[in-house]
């Protein structure tokens with residue numbers, strides 16, 4: 002694990018505490034932060050998305066058809082609102098953008114239903130909310 006951490010972050014990990022002590026200190030700090038009886042300095046933990054995520058869809062009316070919605074090491078949880086102009090239902094596919102250690106970068110597929118043209122026959126404005134939750138799950 003130490004070599005993996007060193008490869009990813011490019012730094013040698015500090016090992017001044019053993020694993021049990023490190024976990025115990027983290028638990029004690031979290032308990033103190035949650036307790037109304039104890040005052041501690043402000044401390045926060047920021048979770049990150051390890052791999053970039055891109056969405057791919059059928060290009061329409063000069064659209065690109067592909068977008069990296071969450072770059073590598075983007076803070077999570079995070080939401081992004083995407084706007085499409087469509088006359089009919091469409092599909093959005095999610096992939097991990099390169100490079101990833103996974104053999105298959107495909108995450109999943111989402112179908113946007115109930116899309117109908119406006120009464121004038123124009124494309125309807127469709128807003129799609131994309132979210133990576135605290136656990137790194139894309140919805």
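Residue numbers (my numbering): 2 to 140. Beta carbons: idealized from backbone N, C-alpha and C, even for Gly.
The alpha helix (DSSP H) runs lying completely inside the stretch 14 to 64 and spanning 4 residues or more are 20 to 35, given in chain order. Per DSSP, the continuous alpha helix (DSSP H) segment holding residue 3 begins and ends at 3 to 10.
Residue state for residue 95 is assigned as strand, using DSSP reduced to three classes. Within 10 angstroms of the beta-carbon of residue 96 lie 16 or more other beta-carbons, which makes it buried.
Residue 112 carries a strand assignment under DSSP once its states are collapsed to helix, strand and coil. Counting along the chain, residue 124 sits inside no beta strand (DSSP E), nor does DSSP assign it H or E at all.
Annotated as distal: residue 46 and residue 137, with beta-carbon spacing of 8 Å or more. Going by beta carbons, residue 50 and residue 133 fall inside the 8 Å limit. Annotation: the continuous beta strand (DSSP E) that includes residue 67 extends over 67 to 71.
Going by DSSP, residue 84 is part of the beta strand (DSSP E) stretching over 79 to 87.
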